[in-house]
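Reviewing the structure listed below.
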Amino acid sequence: MKPLRVAMLGCGVVGTEVAARIVDRSEALAERIGAPLELSAVVVRDLAKARPGIDESLLTTDAETAIADADIVIELMGGIEPAKTLITAALDQGSSVVTANKALLAAHYGELMSAADRASVRLEHEAAVAGAIPIIRPVGDSLAGDRIDRIMGIVNGTTNYILDQMDSEGWDFDRALSTAQELGYAEADPTADVGGHDAAAKAAILSSLAFHAPVSSDDVHVEGIEGISAEMVATAKDQGFVIKLLAVCERVAESPAGPGLSARVYPALLRRSHPLASVRGAFNAVFIEAEAAGELMFYGQGAGGAPTASAVLGDVVSVARRRVLGGRGQYERPFHEDSRILPISAITTRYHITLDVVDRPGVLAAVSEVFADEGASIELMRQTVGEVDEDEMQHAKLVLATHSNTEAALARTVERLGDLDVVRAVSSVIRVEGQ
Ligand SMILES: NC(=O)c1ccc[n+]([C@@H]2O[C@H](COP(=O)([O-])OP(=O)(O)OC[C@H]3O[C@@H](n4cnc5c(N)ncnc54)[C@H](O)[C@@H]3O)[C@@H](O)[C@H]2O)c1
Ligand SMILES: N[C@@H](CCO)C(=O)O
Ligand code: NA
Numbered sequence: 001m002k003p004l005r006v007a008m009l010g011c012g013v014v015g016t017e018v019a020a021r022i023v024d025r026s027e028a029l030a031e032r033i034g035a036p037l038e039l040s041a042v043v044v045r046d047l048a049k050a051r052p053g054i055d056e057s058l059l060t061t062d063a064e065t066a067i068a069d070a071d072i073v074i075e076l077m078g079g080i081e082p083a084k085t086l087i088t089a090a091l092d093q094g095s096s097v098v099t100a101n102k103a104l105l106a107a108h109y110g111e112l113m114s115a116a117d118r119a120s121v122r123l124e125h126e127a128a129v130a131g132a133i134p135i136i137r138p139v140g141d142s143l144a145g146d147r148i149d150r151i152m153g154i155v156n157g158t159t160n161y162i163l164d165q166m167d168s169e170g171w172d173f174d175r176a177l178s179t180a181q182e183l184g185y186a187e188a189d190p191t192a193d194v195g196g197h198d199a200a201a202k203a204a205i206l207s208s209l210a211f212h213a214p215v216s217s218d219d220v221h222v223e224g225i226e227g228i229s230a231e232m233v234a235t236a237k238d239q240g241f242v243i244k245l246l247a248v249c250e251r252v253a254e255s256p257a258g259p260g261l262s263a264r265v266y267p268a269l270l271r272r273s274h275p276l277a278s279v280r281g282a283f284n285a286v287f288i289e290a291e292a293a294g295e296l297m298f299y300g301q302g303a304g305g306a307p308t309a310s311a312v313l314g315d316v317v318s319v320a321r322r323r324v325l326g327g328r329g330q331y332e333r334p335f336h337e338d339s340r341i342l343p344i345s346a347i348t349t350r351y352h353i354t355l356d357v358v359d360r361p362g363v364l365a366a367v368s369e370v371f372a373d374e375g376a377s378i379e380l381m382r383q384t385v386g387e388v389d390e391d392e393m394q395h396a397k398l399v400l401a402t403h404s405n406t407e408a409a410l411a412r413t414v415e416r417l418g419d420l421d422v423v424r425a426v427s428s429v430i431r432v433e434g435q
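All letters in the sequence shown, in the order written, are residues 1 to 435 by the UniProt record's numbering.
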């Protein structure tokens, strides 16, 4: 059978691994597809840069010609433009596209999927969420007959690596981040990882697929790990918790704002006995709760060149097979459910609040009164003796674990606690997830 021509756009951490495997595994891939793959072009920015293992004659800076000449296009350059224009051109001419670009998909999912549908071709993106872990196909296809109610996961390898190194090795933030960059986990701009935006893009894609409704990255409430100090990590550890950056996507049946969907990303405490607490390094894990299936858990390498290449190549085999056999795709489109996104204030969570207080009679009463006023309740209170300050005032550290309440009530409680005379500072506020 005639070879299928594959153009690759971008040849960095992931692209290098993908290109090498297309060449090295050509026989096995041809067997699985029913036709050989031919790497026809590798689009790069800098032709002079050494790329060991890649045939120099394939390198080009002319993306348009490379696309026009290809049956399948793999986009691994990242960013919104020119990736969006190039992918759209490839789809419009009838080529199937495989991408790992979650930032682009989370911003323009519906538009790009419609372009693929119009042209009766595929736009596959398994690598865009949780790297090597098969999660897009399970959520979009295997569970399409069920009702997914909740997804909670660690979906960013860089931040999990950073938090894990801070927790287990006592590394500082900067050292952990630069090592994650060296290991090829981080985005070109690592503030996307650290600020939670990469995880938010993945939460948007997962929510869209799981809830059959358009959810974009702008719909996701995002908090990153910039504010997580070594002290917070150590305190969590002392108390039997670990801090993880979590993505939570859920159907909310009841809230002060009515029913709706919630997608959010924030660092949260998990008990060390929680299954997600043992997810180390750049590994990812995703829990799914579905009406009929019950609980499902997916675990594996969420970042890095080779693991991500595995997901890209799986998609390449899938779209190539489809070209050989003919036919359209397996996912539903367009979205048919309502995407009413709830504000974070309407969501129910739990907080751990650490206060620096003046150690004198009446402190606990004042703190308790604020909670009572706001209708929030304390599950557990722990006090440790602090330092004596320059005014010879004895300080204490007060850790308060709240029961579940709306974010609005908890936020007001924290604000009012900060205003109390006896409170010197609200040292930290962090949510708690899991049992
Ligand atoms: N690294 C990972 O672990 C990982 C995992 C999953 C998904 N992804 C996604 O995969 C994509 C690629 O990631 P990466 O880690 O390989 O990034 P990278 O920065 O290592 O590689 C991107 C390459 O594309 C090239 N490029 C960018 N714009 C270009 C243009 N206009 N023309 C030609 N070349 C261009 C860059 O020069 C670079 O070599 C991104 O969308 C990223 O979000 C990465
Ligand atoms: N920068 C991303 C790559 C995988 O999507 C991460 O750290 O998870
Ligand atoms: Na994946």
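All residues carry an ideal CB built from backbone N, CA and C; glycine is no exception.
Owing to the predicted nature of the structure, the values given are computational and were not obtained by experimental measurement.
Any heavy atom of ligand 1 closer than 7 Å to the CB of THR235?
The residue given as residue 235 occupies position 235 in the sequence shown. No, Cβ of THR235 sits at least 7 Å from all heavy atoms of ligand 1.
Answer yes or no: the CB of VAL286 versus the heavy atoms of ligand 3, is any distance below 7 Å?
To locate residue 286, count along the sequence shown from 1; it is residue 286. Result no, Cβ not under 7 Å from ligand 3.
Between MET8, ALA320, GLY224, PHE371, which has its C-alpha nearest ALA100's C-alpha?
As a working note, residue 100 is residue 100 in the sequence shown. The option with the nearest alpha carbon to ALA100 is MET8.
For THR406: DSSP bridge partner residues:
Locating residue 406 in the sequence shown gives position 406, where the first residue counts as 1. According to DSSP, THR406 bridges with THR348.
By DSSP, does PHE211 sit in helix, in strand, or in coil?
Against the sequence shown, residue 211 aligns to sequence position 211. Three-state DSSP puts PHE211 in a helix.
Beta strand (DSSP E) containing MET152: first to last residue?
As a working note, residue 152 is residue 152 in the sequence shown. Here the beta strand (DSSP E) through MET152 covers 148-154.
What three-state label does DSSP hand LEU313 in the structure shown?
Against the sequence shown, residue 313 aligns to sequence position 313. Reduced to three states, the DSSP call for LEU313 is helix.
Looking at the structure shown, is ARG264 part of a helix, part of a strand, or coil, going by DSSP?
Translated into the one-based positions of the sequence shown, residue 264 becomes position 264. The answer is strand: DSSP assigns ARG264 an E or B state.
Which value, in whole angstroms, describes the spacing of the CA atoms of GLU250 and SER216?
The residue given as residue 250 occupies position 250 in the sequence shown. The residue given as residue 216 occupies position 216 in the sequence shown. A direct Cα-to-Cα measurement between GLU250 and SER216 gives close to 14 Å.
Could you check the C-alpha separation between ALA31 and ARG323 for me, to the nearest Å?
Along the sequence shown, one-based indexing puts residue 31 at 31. Along the sequence shown, one-based indexing puts residue 323 at 323. What sits at residue 31 in the sequence shown is Glu, not Ala. Rounded to whole angstroms, GLU31 to ARG323 spans 14 Å at the Cα level.
I'd like the ranges of any alpha helix (DSSP H) spanning at least 4 consecutive residues and lying wholly in the stretch 21-51.
Whole alpha helix (DSSP H) segments, 4+ residues: 26-33.
Return the CA-CA distance between ASN156 and ALA130, expressed in angstroms with no decimal places.
Reading the sequence shown from its first residue, position 156 is the one you call residue 156. Reading the sequence shown from its first residue, position 130 is the one you call residue 130. The alpha-carbon of ASN156 is positioned some 7 Å away from that of ALA130.
Using 10 angstroms around the beta-carbon of THR61, count the other beta-carbons present and answer buried if the total reaches 16, otherwise exposed.
Taking the sequence shown and counting its residues from 1, the one referred to as residue 61 is at position 61. Exposed.
Measure the C-alpha to C-alpha separation of ARG272 and ALA320 and round it to an integer number of angstroms.
Here residue 272 corresponds to residue number 272 of the sequence shown, with the count starting at 1. Here residue 320 corresponds to residue number 320 of the sequence shown, with the count starting at 1. Annotation: ARG272 to ALA320 spans about 43 Å, alpha carbon to alpha carbon.
If you reduce the DSSP assignment to three classes, tell me which class VAL97 lands in.
Locating residue 97 in the sequence shown gives position 97, counting from the first residue. In the structure shown, VAL97 sits in a strand (DSSP, three-state: E or B).
Identify every residue that forms a DSSP beta bridge with ASN284.
Position 284 of the sequence shown holds residue 284. Note: ASN284 is bridge-paired with GLY300 in the DSSP secondary-structure output.
Indicate whether the contact test is met: 3 or more Cβ pairs, each with one atom in the stretch 56-71 and one in the stretch 343-360, closer than 8 Å.
Segments in contact, no.
Taking the straight line between their C-alpha atoms, what separation do you get for PHE241 and GLU169?
In the sequence shown, the residue the question calls residue 241 occupies position 241. In the sequence shown, the residue the question calls residue 169 occupies position 169. So the alpha carbons of these two residues sit roughly 16 Å apart.
Taking just the CA atoms, how far does GLY34 sit from MET297?
Position 297 of the sequence shown, counted from the start, is the residue given in the question as residue 297. Position 34 of the sequence shown, counted from the start, is the residue given in the question as residue 34. Rounded to the nearest whole angstrom, the C-alpha separation of MET297 and GLY34 is 33 Å.
Along the chain, where does the alpha helix (DSSP H) that runs through LEU86 open and close?
Taking the first residue of the sequence shown as 1, we reach residue 86 at position 86. Looking at the DSSP string, the run of the alpha helix (DSSP H) that includes LEU86 is 83-92.
For the stretch 160-187, list the alpha helix (DSSP H) runs that are entirely contained and at least 4 residues long, ordered along the chain.
DSSP assignment within the stretch 160-187 yields the following whole alpha helix (DSSP H) runs of 4 residues or more, N-terminal first: 173-182.
Could you please give me the residues that DSSP links to LYS202 through a beta bridge?
Taking the sequence shown and counting its residues from 1, one reaches residue 202 at position 202. None; LYS202 has no bridge partner.
Contact the stretch 166-182 vs the stretch 285-297: 3+ CB pairs below 8 Å:
No, because fewer than three Cβ pairs between the stretch 166-182 and the stretch 285-297 fall closer than 8 Å, the two stretches do not touch.
Quick check on this structure: which residue in TYR266, ALA201, GLU27, PRO190 has the alpha carbon closest to the alpha carbon of ILE225?
Taking the sequence shown and counting its residues from 1, one reaches residue 225 at position 225. Looking at the Cα atoms, TYR266 is the closest of the given residues.
So ILE74 and MET232 are supposed to be a Cβ contact under 8 Å. How far apart are they, rounded?
Working through the sequence shown from its first residue, we reach residue 74 at position 74. Working through the sequence shown from its first residue, we reach residue 232 at position 232. About 40 Å; that fails the 8 Å criterion.
So, helix, strand or coil for ASP419, using DSSP?
Counted from its first residue, the sequence shown places residue 419 at position 419. DSSP places ASP419 in helix when its eight states are reduced to three.
Can you grab the Cα-Cα spacing for the pair ALA411 / ILE136, in whole Å?
Taking the sequence shown and counting its residues from 1, one reaches residue 411 at position 411. Taking the sequence shown and counting its residues from 1, one reaches residue 136 at position 136. Annotation: ALA411 to ILE136 spans about 34 Å, alpha carbon to alpha carbon.
I believe ILE154 touches ALA268 by the beta-carbon criterion, under 8 Å. Please report the beta-carbon distance rounded to the nearest angstrom.
Numbered from 1 along the sequence shown, position 154 holds the residue referred to as residue 154. Numbered from 1 along the sequence shown, position 268 holds the residue referred to as residue 268. Between ILE154 and ALA268 a beta carbon distance of about 11 Å is seen, past the 8 Å cut, so the two are scored as non-contacting.
Measuring only from the beta carbon, is VAL426 closer than 7 Å to any heavy atom that is part of ligand 1?
Residue mapping note: residue 426 aligns to position 426 of the sequence shown, counting from 1. For ligand 1, not one heavy atom lies less than 7 Å from the Cβ of VAL426.
By a C-beta neighbour count over all protein chains shown, 10 Å radius and 16 as the cutoff for buried, is ARG45 buried or exposed?
By one-based count along the sequence shown, residue 45 stands at place 45. Classified as exposed, ARG45 has fewer than 16 neighbouring CB atoms from the shown chains inside 10 Å of its CB.
Run the proximity test for TYR109: is its beta-carbon closer than 7 Å to any non-hydrogen atom belonging to ligand 2?
Stepping through the sequence shown from its first residue, residue 109 is reached at position 109. No, the Cβ of TYR109 stays beyond 7 Å of every heavy atom of ligand 2.
Tell me the DSSP secondary structure of SER428 in three-state form.
Residue numbering aside, residue 428 sits at position 428 when the sequence shown is read from its first letter. Looking at SER428 - three-state DSSP - the assignment turns out to be strand.
In this structure, what does DSSP give as the bridge partners for THR60?
Residue 60 sits at position 60 when you count from the first residue of the sequence shown. Beta-bridge pairing links THR60 to VAL43.
Pick out whichever of ASP146, GLY110, VAL432 has its Cα sitting closest to the Cα of ALA290.
Translated into positions along the sequence shown, residue 290 becomes position 290. Each of ASP146, GLY110, VAL432 was checked against the Cα of ALA290, and the nearest Cα belongs to ASP146.
Answer yes or no: the CB of GLU126 versus the heavy atoms of ligand 3, is any distance below 7 Å?
Position 126 of the sequence shown holds residue 126. Correct: GLU126 has its Cβ closer than 7 Å to ligand 3.
Could you tell me whether the Cβ atoms of THR308 and VAL14 are closer together than 8 Å?
What you label residue 308 is simply residue 308 of the sequence shown in a count that begins at 1. What you label residue 14 is simply residue 14 of the sequence shown in a count that begins at 1. Closer than 8 Å, so yes.
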